[in-house]
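In this note's numbering, the protein residues as written are 1 to 364.
Take a look at the structure below.
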Amino acid sequence: MAVGFSAHVLLALLLSFIATAHAGPCAEPRVRREWRSISETEREEWVAAVKCLNKIPHKPTLKPTFDVSVTQIPPINPNTSYFDDFAYVHMDLNPLIHFTGLFLPWHRAYLNDFEHALRSECNYKGAHPYWDWTLGHANFPDATIFDDSPTSGFGGWGNPANDYQITTGAFADNFEVAYPVPHTIRRNYTAKSTSTDPFGDGTPPAPDAFWNYFTRESQETLVSGYIGDFVGFQTKLEGPVGSHAAIHLIMGGDMSGSCPRGLVAPDCYRGPKWTPNDPLFMMHHAMIDKIWYEWQNAHAENFWAFGGGSVTAHSQPGLYQQYPAGGPPFLTFNQSMPTDGILQDATIYQVMDTKNEQLCYVYE
């Protein structure tokens, strides 16, 4: 063996061998493409499937992990939709899936299950698209993703006089979401945080305009750096000055986890809970997943790199510096991820490779 051959590479090769032996690659992985690179017909098909899911009744198998007194969310409303169920899972599991080692693997599994629901319930045939927000960062309010088409567009920014509920695009009419109270999707362009507590948990705001945190250059630097350092990579991606939070906060409204107008504590506590109300959430998290996918494939040491704990320290600045991806007990590959009764059972290990039989997709 050549001198200097690192333990990281040996570990990566060993885990790759184990993965091949136990979870072989799928024969024909679906190819996830950027929203604006797919055809008008393909965009219409995705939109139609999402709107279909919004009409499928709530699944009674949905069972929250936490009592609502812990999560500060409303109880399950049984007179809602399967689309709303996906929002509720995210609301309920918020304490476990943000700023812990579950952030990337859980959201990867969650998005895969959402795509599976589109396919199984609403006859969607395509691969789930992603939203490359670096393409429009320089003029974000007018980015082409905010298309007004009534059949294939996400629509633009909301009406300030009506709690920023959107008025254009395919989701402006006949698309109501249930949580925290029934309403139409809200978007409120917010260039820079005007709050001292944008996350609702004591974390200080990012110092600069949000678009500075999702430039093409910043994401290329992220993907090429942190070799073998999963915790460092996730911390930069998810943290207060990372692209994940910047997109959520610049969007305002549902994507930022703000409460509908007139709803205040104890009836509503803001936070990253009902952010999946806006279908752009799924596009955003497909992009987050793509960045992880690219980082995994940038270096051999990255592919099976993993770390982080199960307890968030996000609201405690001193502990957060020590445990930015969660404190002990620390997570391992064989850790089962929470499902709340509607997601597929999966361990962290089972979602590390997108080309395995369970996931079966790649990014263009």
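Where is the CB? At the ideal position from N, CA and C, for every residue including glycine.
Item, Value
"Option in T100, L104, F103, T71 with minimal Cα separation from Y88", "T71"
"Pairwise C-alpha distance: N302 and G228", "5 Å"
"Y30: first and last residue of the uninterrupted beta strand (DSSP E) it sits in", "Strictly speaking, residue 30 in this sequence is Arg, with Tyr absent from that position. Residues 30–32."
"Residue from V362, K51, V311, H58 with nearest C-alpha to G101", "V311"
"DSSP bridge partner residues for S81 (one or two, in chain order)", "P57"
"Reduced DSSP secondary structure (H/G/I, E/B, other) of F103", "helix"
"Backbone CA spacing between L361 and K125 [nearest angstrom]", "Per the sequence presented here, residue 361 reads as Tyr, with Leu not at that position. Straight-line Cα distance between these residues: approximately 13 Å."
"The segment 304–319 / the segment 78–88 touching (three or more Cβ pairs under 8 Å)", "no"
"Simplified DSSP assignment, three categories, for S152", "coil"
"DSSP state of F281 mapped onto helix, strand, coil", "helix"
"Same chain only: Cβ atoms within 8 Å of T347, ignoring 5 sequence neighbours per side", "F333, N334, Q335, S336, M337"
"Contacting residues, own chain, Cβ-Cβ under 6 Å from C268 (five flanking each side not counted)", "P180, C259"
"Pair within 7 Å by beta-carbon distance, V351 and R108", "yes"
"Contact set for D92: own chain, Cβ-Cβ below 8 Å, skip 5 residues either direction", "P64, T65, F66, T71, I73, D340"
"Inter-residue Cα distance where the pair is A117 and V50", "9 Å"
"Delimiting residues of the beta strand (DSSP E) encompassing G252", "Counting along the chain, G252 falls outside any beta strand (DSSP E), and DSSP gives it neither H nor E."
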